[in-house]
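A.B. asks:
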Amino acid sequence: MKNDTTTAPTPVGLEWVRGLPKAEVHVHLEGCIPMSVVRKAARDAGQEVPEDDRELFSFTDLASFLEYLDWSCGLITEREQLYEIAYDYGRRNLDTGIRYADVIINPTHWPSWRHRLDDLVDALHAGFSDGEADGHVPVGLCLSVKRNQTSSEAIELVEWIVSREHPRVVALSIDGNEAAVGRTGARFADAFRMAADKGVHRCVHAGESSGPEGIRDALDYLLAERIDHGVRAVEDPSLVTELADRRVFLDVCPTSNVLLGIAPSLAAHPVEPLRQAGVPLSLNTDDPLLFGTDVAREYCTCAQQFGWGRDTVASIARTSIEACFANDDLRATLLRDLQDYLARTA
Ligand code: ADE
Ligand code: ZN
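Following the working numbering from start to finish, the sequence shown increments by one per residue and tops out at 755.
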């Protein structure tokens, strides 16, 4: 394989990226509802919806974006709708090269299912399982606390995860708007400690609507294995060094950050300085159907913007597999498949 630093990098084409085995580790089911499902549900509920998706997607920041999620997920009342959303996620990713995905769901966005977590997870499990039987990617579910919830609500969720031992659920997550609620690491420390003690994986949104202090709290209070976003670490050089030295994974979503105003442009996105500083990071979509993207496109757009060659792109794919919450056998298989693919396409 050629070395990016000594020879002109081999061009990174979409076809090659699509074949590259990789994992998606930061994607919200709330951002994966097909517009056909949303529109039909809105019609059934007697709601008028603008014809043009662009008018519907009028969010400009995280706060308005989260309000949109509350509205769209609030329309989902039937088991069949959940099944379709889960099945469709795998189908849409058939040609992106994703070989495993950790999918986040935050029950607070889905009011019809709020006190029916078993039903919610079982319906999604059925959709993902049928998808897998049809050759779609295997999916692990990360159940998410919202930043404005209470400590006891978070503990209740962990107790459900631990007692239910659902085969589809792999992790505890936390998301929402930190800018609106301030520092909440201490509030959720008990829940995340309980998850860690019981062997439940942990991924934490931080360094998106919070600065470096949010990432600090994610590590110290929430025992995060992965930071969802984490890009604002770039504001604190000593934190960047620590993330690189400790090999803390950042689950980066460039298009999301540009569209929600976290980064002024892709050119000015912190992904490149963070990568150059040695922070292990993956590329992801966050909410693909709302941001009009998929994982292969995220890889290609960044490669083009930052002049990455195949070595760099392959090392990001490798990190995504190392970071994912798949079981050890599947992870080993994917790492081997990645090596084989690189050898085959060298
Ligand atoms: N939920 C869905 N997308 C999110 C994001 N980018 N940040 C926080 N919570 C979210
Ligand atoms: Zn996210």
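Using N, Cα and C, we set each Cβ at its ideal position, and we do this for glycine too. Keep in mind that this is a model prediction, so the values were computed, not measured.
In this structure, does DSSP put A672 in helix, strand or coil?
C.D. replies: Position 263 of the sequence shown, counted from the start, is the residue given in the question as residue 672. Residue state, collapsed to three classes: coil.
A.B. asks: How big is the Cα-Cα spacing for T742 and D645?
C.D. replies: One-based indexing of the sequence shown puts residue 742 at position 333. One-based indexing of the sequence shown puts residue 645 at position 236. Approximately 36 Å, taken between the alpha carbons.
A.B. asks: Determine the burial state of K449: buried for a count of at least 16 other Cβ atoms within 10 Å of its Cβ, exposed for fewer.
C.D. replies: Locating residue 449 in the sequence shown gives position 40, counting from the first residue. Per the 10 Å Cβ criterion, exposed.
A.B. asks: By Cβ distance below 7 Å, which residues in the same chain neighbour S481 in space, the five residues on each side in sequence not counted?
C.D. replies: Position 72 of the sequence shown, counting from 1, holds the residue named residue 481. These residues qualify, in order along the chain: I442, V447.
A.B. asks: What are the start and end residues of each continuous beta strand (DSSP E) run of 3 or more residues lying completely inside the stretch 426-467, in chain order?
C.D. replies: Correct list: 431-437.
A.B. asks: Return the CA-CA distance between L648 and F597, expressed in angstroms with no decimal places.
C.D. replies: Taking the first residue of the sequence shown as position 1, residue 648 is located at position 239. Taking the first residue of the sequence shown as position 1, residue 597 is located at position 188. Their backbone Cα atoms lie some 22 Å apart in a straight line.
A.B. asks: From the DSSP output, in three-state form, read off Y509 for me.
C.D. replies: Along the sequence shown, read from residue 1 onward, the residue named residue 509 stands at position 100. Three-state DSSP puts Y509 in a strand.
A.B. asks: Please identify the residue among H524, T505, F537, I514 whose C-alpha is closest to the C-alpha of A495.
C.D. replies: Taking the sequence shown and counting its residues from 1, the one referred to as residue 495 is at position 86. Checked all of H524, T505, F537, I514; the closest Cα to A495 is F537.
A.B. asks: What's the C-alpha gap between K411 and L747?
C.D. replies: If you number the sequence shown from 1, residue 411 lands on position 2. If you number the sequence shown from 1, residue 747 lands on position 338. Here K411 scores only 42 on pLDDT, less than 50, and its place in the model should not be relied on; the value that follows carries that caveat. In a straight line, the C-alpha of K411 is about 16 Å away from that of L747.
A.B. asks: With burial defined as no fewer than 16 other Cβ atoms inside 10 Å of the residue's Cβ, what is the status of G718: buried or exposed?
C.D. replies: The residue you call residue 718 lines up with position 309 of the sequence shown. Classification for G718: buried.
A.B. asks: Say yes only if the C-beta of D637 is nearer than 6 Å to one or more non-hydrogen atoms of the ligand ZN, and no if none qualify.
C.D. replies: Along the sequence shown, read from residue 1 onward, the residue named residue 637 stands at position 228. Checking the 6 Å criterion, the Cβ of D637 is within range of a heavy atom belonging to the ligand ZN.
A.B. asks: In three-state terms, what does DSSP make of V635?
C.D. replies: As a position in the sequence shown, residue 635 is number 226, starting the count at 1. Here the sequence assigns Arg to residue 635, which means Val is not the residue at that position. In the structure shown, R635 sits in a strand (DSSP, three-state: E or B).
A.B. asks: What's the gap between the Cα of T419 and the Cα of D703?
C.D. replies: By one-based count along the sequence shown, residue 419 stands at place 10. By one-based count along the sequence shown, residue 703 stands at place 294. Between T419 and D703, the C-alpha separation is close to 22 Å.
A.B. asks: With a threshold of 8 Å, are at least 3 pairs of Cβ atoms found where one atom belongs to the stretch 658-665 and the other to the stretch 683-693?
C.D. replies: Verdict: yes, contact present.
A.B. asks: I need the straight-line Cα distance from V775 to Y708, nearest angstrom please.
C.D. replies: The requested residue 775 is not part of the displayed model; the chain covers only 410 to 755.
A.B. asks: I'd like the list of long-range same chain contacts for V426, defined as Cβ closer than 8 Å, with 5 residues on each side in sequence excluded.
C.D. replies: The sequence position of residue 426 within the sequence shown is 17, counting from 1. Answer for V426: G506, A705, Y708, C709, A712, V722, listed in chain order.
A.B. asks: Using only the alpha-carbon positions, how far apart do A535 and T650 sit?
C.D. replies: Along the sequence shown, one-based indexing puts residue 535 at 126. Along the sequence shown, one-based indexing puts residue 650 at 241. Their Cα atoms are separated by approximately 43 Å.
A.B. asks: Using only the alpha-carbon positions, how far apart do E622 and H575 sit?
C.D. replies: Taking the sequence shown and counting its residues from 1, the one referred to as residue 622 is at position 213. Taking the sequence shown and counting its residues from 1, the one referred to as residue 575 is at position 166. Taking the straight line from one Cα to the other gives about 33 Å.
A.B. asks: Comparing the CB of D470 with every heavy atom of the ligand ADE, is any distance shorter than 6 Å?
C.D. replies: As a working note, residue 470 is residue 61 in the sequence shown. Outside the cutoff, so no.
A.B. asks: Per DSSP, V578 is paired with what?
C.D. replies: On the sequence shown, residue 578 is found 169 positions in, with the first residue counted as 1. Paired residue(s): L550.
A.B. asks: DSSP has F658 in a bridge; who is on the other side?
C.D. replies: To locate residue 658, count along the sequence shown from 1; it is residue 249. Answer is R635.
A.B. asks: When burial is assigned at 16 or more other CB atoms within 10 Å of the CB, is N736 buried or exposed?
C.D. replies: Your numbering for residue 736 matches position 327 in the sequence shown. It is exposed - the Cβ of N736 has fewer than 16 other Cβ atoms within 10 Å.
A.B. asks: Using only the heavy atoms of the ligand ZN, determine whether one of them is closer than 6 Å to the beta carbon of D695.
C.D. replies: For the purposes of this step, residue 695 is identified with residue 286 of the sequence shown, where counting begins at 1. Yes, the beta carbon of D695 sits closer than 6 Å to at least one heavy atom of the ligand ZN.
A.B. asks: Pick out whichever of A755, V609, T593, A653 has its Cα sitting closest to the Cα of F627.
C.D. replies: In the sequence shown, residue 627 corresponds to position 218, counting from 1. Reading off the sequence shown, one finds Ala at residue 627, where the question assumed Phe. Closest by alpha carbon: T593.
A.B. asks: In whole angstroms, give me the CA-to-CA distance for R508 and S582.
C.D. replies: Position 99 of the sequence shown holds residue 508. Position 173 of the sequence shown holds residue 582. Their backbone Cα atoms lie some 21 Å apart in a straight line.
A.B. asks: Considering only C-alpha positions, which residue in the set G549, R602, A589 is nearest to A563?
C.D. replies: The residue you call residue 563 lines up with position 154 of the sequence shown. Among G549, R602, A589, the Cα nearest to that of A563 is on R602.
A.B. asks: Going by Cα to Cα distance, which pick from A686, F466, D527 is closest to R488?
C.D. replies: As a working mapping, residue 488 is identified with position 79 in the sequence shown. It is D527 whose Cα lies nearest to the Cα of R488.
A.B. asks: Count the other CB atoms within 10 Å of the CB of L631; is the residue buried (16 or more) or exposed (fewer)?
C.D. replies: In the sequence shown, counting from the first residue as 1, residue 631 sits at position 222. Classification of L631: buried, given that the 10 Å Cβ count is 16 or more.
A.B. asks: Can you tell which of D637, I570, F468 has its C-alpha closest to the C-alpha of G608?
C.D. replies: Locating residue 608 in the sequence shown gives position 199, where the first residue counts as 1. Out of D637, I570, F468, I570 has the C-alpha closest to the C-alpha of G608.
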